[in-house]
Amino acid sequence: GTYLARRLEVMMRAKGLTPPRAIVETDIVMLKLDLMRGSDYLSFHAVDHLEHLGETAVRPLPFPEAGWQRKAGLILRHGVEPNAATRDLIGTIETVCRETMSDRRTEPARPDINGYRSNATGKPGRPSP
2 GTYLARRLEV MMRAKGLTPP RAIVETDIVM LKLDLMRGSD YLSFHAVDHL
52 EHLGETAVRP LPFPEAGWQR KAGLILRHGV EPNAATRDLI GTIETVCRET
102 MSDRRTEPAR PDINGYRSNA TGKPGRPSP
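Spelled out as structure tokens, the structure:
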């Protein structure tokens with residue numbers, strides 16, 4: 002099975018539950034939602050996304066340990082300075098991360114871009130040890 006299916010199995014076994022047998026595995030969001038609405042299909046899906054869609058027929062399982070954060074970033078060629086569009090994208094990523102993290106009341110990690118960490122001036126610099 003996939004990483005997420007194995008993760009669900011581990012979480013369920015840790016709670017003394019028998020994990021379901023995987024029959025359908027998909028990344029197609031609308032198919033996942035249709036399966037969750039009309040059957041006992043289990044899936045990993047962002048609760049925030051379900052709320053944004055106004056989804057009321059799908060309920061999360063009581064597994065707080067299932068939550069995680071995904072990283073966002075860019076891969077840049079070594080020795081090439083970012084152009085204006087890339088700098089704007091970096092700024093957008095930093096803003097979204099900052100806003101998201103302030104909603105959670107914690108300080109975001111500084112973005113790490115291709116082995117370089119943004120410093121206080123916003124210019125690329127060597128990563129801190």
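If you're matching positions, the sequence shown starts at 2 in my numbering and goes up one per residue. Ideal Cβ positions, reconstructed from N, Cα and C, are used throughout, including at glycine. Given the structure is predicted, the values throughout are model-derived calculations rather than measurements.
CB contact below 8 Å: residue i versus chain D
i: V48; result: Protein chains in the displayed structure number just one, and chain D is not present.
Contacting residues, own chain, Cβ-Cβ under 6 Å from residue i (five flanking each side not counted)
i: V48; result: P61
i: Y42; result: L36
Whether residue i touches residue j by CB criterion (8 Å)
i: P20; j: L36; result: no
i: L34; j: E52; result: no
i: R38; j: V59; result: yes
i: L18; j: F45; result: no
8 Å contact criterion, which residue i and residue j should meet: CB distance rounded
i: L75; j: L90; result: 7 Å
Length of the line joining the Cα atoms of residue i and residue j
i: T27; j: S40; result: 15 Å
i: T87; j: I29; result: 29 Å
i: T3; j: V81; result: 36 Å
i: V97; j: L32; result: 28 Å
i: R14; j: G92; result: 42 Å
i: E100; j: L77; result: 24 Å
Contacts around residue i, its chain only, beta-carbon distance under 8 Å, and the 5 residues preceding and following it disregarded
i: M12; result: F64, E66 and A67
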